[in-house]
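Okay, so here's the structure we're looking at.
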Amino acid sequence: VQLQASGGGVVQPGGSLRISCAVSGSIASFNVMAWYRHAPGKQRDVVAGITRGGSTNYADSVKGRFTISRDNAENMVYLQMNSLKPEDTAVYYCNARNFYDMNYWGKGTLVTVSS
Numbered sequence: 064v065q066l067q068a069s070g071g072g073v074v075q076p077g078g079s080l081r082i083s084c085a086v087s088g089s090i091a092s093f094n095v096m097a098w099y100r101h102a103p104g105k106q107r108d109v110v111a112g113i114t115r116g117g118s119t120n121y122a123d124s125v126k127g128r129f130t131i132s133r134d135n136a137e138n139m140v141y142l143q144m145n146s147l148k149p150e151d152t153a154v155y156y157c158n159a160r161n162f163y164d165m166n167y168w169g170k171g172t173l174v175t176v177s178s
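Going left to right, the sequence shown walks through residues 64 to 178 as the numbering used here numbers them.
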């Protein structure tokens with residue numbers, strides 16, 4: 064299984080960005096798809112997750128600003144990020160967890176929020 068995140072870049076505070084994760088194989092075989100982020104000097108934290116059934120959950124810091132979605136037909140997972148803040152600056156990683164709790168990771172994509 065390969066996961067490839069893309070769409071990162073530099074955006075001004077208050078701006079929006081959508082990052083994508085392309086998954087080789089069927090994402091329907093995974094129980095949970097999620098986005099994590101790793102900011103400089105901090106541990107990697109979960110940002111948002113979406114189950115196979117479509118239920119979502121978010122870190123408190125991004126609730127109301129970020130939206131995770133999945134396209135099972137295209138084997139894609141997205142993270143729409145609005146009202147971005149400098150503290151959202153991080154490398155964002157796509158994660159897939161199967162029904163045996165095995166985790167798969169892809170290379171991250173860097174999001175920089177700066178004026």
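Backbone N, C-alpha and C fix where the C-beta goes; we use that ideal spot for every residue, glycine too. Since the model is a prediction, treat every value here as computed from it, not as a measurement.
Given residue i as reference, the closest of the options once Cα atoms are compared
| i | options | result |
| --- | --- | --- |
| N85 | A97, V176, Q106 | Per the sequence shown, residue 85 should be read as Ala rather than Asn. Out of A97, V176, Q106, A97 has the C-alpha closest to the C-alpha of A85. |
| R128 | D164, D151, N138, D108 | D151 |
| Q106 | T172, V154, F162, D164 | V154 |
| G70 | Y156, K148, N94 | Y156 |
| P76 | Y163, K148, Y121 | K148 |
| A111 | I82, Y163, A91 | I82 |
| D108 | T114, Y99, A159 | Y99 |
| S177 | Q65, V74, V64, L66 | V74 |
| V95 | G72, L80, T172, Y121 | Y121 |
| N145 | S124, S87, I113, S118 | S124 |
| T130 | N138, I113, E137 | I113 |
Beta-carbon gap between residue i and residue j smaller than 8 Å
| i | j | result |
| --- | --- | --- |
| A68 | G169 | yes |
| N161 | F93 | yes |
| L66 | Y167 | yes |
| N138 | S89 | yes |
For residue i, the residue or residues it bridges with in DSSP
| i | result |
| --- | --- |
| S55 | Residue 55 is absent from the model: the chain starts at 64 and stops at 178. |
| F93 | N161 |
| D108 | R100 |
| N166 | R160 |
| T114 | V95 |
| A153 | V174 |
Simplified DSSP state of residue i, which is helix, strand or coil
| i | result |
| --- | --- |
| A122 | coil |
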